[in-house]
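For what it's worth, the numbering used here labels the leading residue of the sequence shown as 124, then goes sequentially.
Where is the CB? At the ideal position from N, CA and C, for every residue including glycine.
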Amino acid sequence: MRHLSTSALRPVLAGLALATVATVAVYAEGAKPADPALANSLNPNDKSAEVDQKVLDKAQAVKVEDGKYFDAEGHPTFHVTDTGKKFDWYAYSGYRRYHAECHVCHGPDGMGSTYAPALKDSLKRLSYEEFIGILVGGKQDISASQQQVMPAFGDNKNVMCYADDLYVYLRARASGAMGRVRPSDKEDKPEAAKKAEKECLGG
Numbered sequence: 124m125r126h127l128s129t130s131a132l133r134p135v136l137a138g139l140a141l142a143t144v145a146t147v148a149v150y151a152e153g154a155k156p157a158d159p160a161l162a163n164s165l166n167p168n169d170k171s172a173e174v175d176q177k178v179l180d181k182a183q184a185v186k187v188e189d190g191k192y193f194d195a196e197g198h199p200t201f202h203v204t205d206t207g208k209k210f211d212w213y214a215y216s217g218y219r220r221y222h223a224e225c226h227v228c229h230g231p232d233g234m235g236s237t238y239a240p241a242l243k244d245s246l247k248r249l250s251y252e253e254f255i256g257i258l259v260g261g262k263q264d265i266s267a268s269q270q271q272v273m274p275a276f277g278d279n280k281n282v283m284c285y286a287d288d289l290y291v292y293l294r295a296r297a298s299g300a301m302g303r304v305r306p307s308d309k310e311d312k313p314e315a316a317k318k319a320e321k322e323c324l325g326g
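Okay, here's the thing in structure tokens:
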């Protein structure tokens with residue numbers, strides 16, 4: 124992790140904090156309500172989206188900074204417009220990164236496989252901190268019938284530099300805001316994303 128830039132430290136530090144503090148759901152008192160101007164516009168005809176209203180409601184954006192959307196708890200989230208056709212840059216980037224780095228084990232579109240869970244379901248219950256903690260440090264699930272091992276990616280820049288993007292994409296899948304399709308349109312890549320990517324990858 125010593126090779127990661129400061130732009131990659133946010134998700135890494137969230138993962139490290141998870142290792143030293145008991146996992147609890149933190150809800151900000153008087154958290155800001157969702158901004159109606161940032162409301163998601165979903166595709167009602169996409170039957171592969173499987174909308175989970177509870178997850179969708181929790182993921183609603185309350186603010187946007189430099190093209191990145193955040194929920195009431197300050198965690199990264201997605202933004203969908205044009206009746207489900209246009210996604211924010213980070214959700215789109217997460218889709219691409221997931222299919223480059225994660226789908227071999229976890230299946231296309233977060234649907235799972237015979238030896239790795241469906242992340243579209245895991246993100247219904249995992250917090251941001253838990254997700255990043257597993258990404259950084261890996262995980263082992265051992266039962267009488269099988270052993271599942273998630274490798275640690277804390278030193279893998281191709282994963283950690285896009286940790287938030289992966290989280291946002293899988294959160295969109297978990298909520299049903301995004302179905303099993305490649306986003307047909309996307310917001311422009313924010314300058315902040317370009318800068319963070321360059322710093323993190325050392326370019």
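Spell out the partners DSSP gives residue i in its beta bridges.
| i | result |
| --- | --- |
| Val282 | According to DSSP, which records beta bridges pairwise, Val282 is partnered with nothing at all. |
| Val187 | Tyr192 |
| Phe210 | Val203 and Lys309 |
| Lys262 | Met273 |
Given a threshold of 16 other Cβ atoms within 10 Å of its Cβ, counted over all protein chains shown, does residue i qualify as buried or as exposed?
| i | result |
| --- | --- |
| Ser216 | buried |
| Pro306 | buried |
| Val174 | exposed |
| Ser298 | buried |
| Pro199 | buried |
| Lys191 | buried |
| Arg220 | buried |
| Glu314 | exposed |
| Ala195 | buried |
| Val318 | The sequence as given places Lys at residue 318; Val does not occur at that position. Exposed, because fewer than 16 other Cβ atoms sit within 10 Å of the Cβ of Lys318. |
| Asp308 | exposed |
| Gln176 | exposed |
For residue i, which three-state DSSP category applies?
| i | result |
| --- | --- |
| Val272 | strand |
| Lys70 | Within the shown structure, residues of the chain are numbered from 124 to 326, placing residue 70 beyond reach of any answer. |
| Leu179 | helix |
| Glu173 | coil |
| Ala295 | helix |
| Gly233 | helix |
| Ser216 | helix |
| Leu161 | helix |
| Tyr290 | helix |
| Ala300 | coil |
Identify, in the order they occur along the chain, each residue of the same chain with its Cβ nearer than 6 Å to the Cβ of residue i, setting aside the five sequence neighbours on each side.
| i | result |
| --- | --- |
| Asn163 | Val203 and Ala300 |
| Ser171 | Gly302 and Arg303 |
| Leu246 | Leu293, Arg294 and Ala297 |
| Asp158 | Val185 |
| Glu310 | Asp211 and Trp212 |
| Ala239 | Cys228 and His229 |
| Leu179 | Ser298 |
Near residue i, which residues of its chain fall below 7 Å by C-beta distance, leaving aside the five closest residues on each side in sequence?
| i | result |
| --- | --- |
| Glu152 | Residue confidence for Glu152 is low, a pLDDT of 41 falling below 50, so the modelled location carries little weight; the figure read from the coordinates is stated next. So no residue of the chain qualifies. |
| Leu324 | Lys280 and Cys284 |
Considering just the uninterrupted stretch of the alpha helix (DSSP H) at residue i, what are its terminal residues?
| i | result |
| --- | --- |
| Cys228 | His226 to His229 |
| Leu324 | Glu314 to Leu324 |
Spatial neighbours of residue i within its chain, please: CB distance less than 8 Å, with the 5 preceding and 5 following residues excluded, ordered by chain position.
| i | result |
| --- | --- |
| Val144 | Reliability of the predicted coordinates at Val144 is poor, the pLDDT of 35 falling under 50, and the value obtained from them is presented with this limitation in mind. Contacts found: none. |
| Pro231 | His222 and Arg303 |
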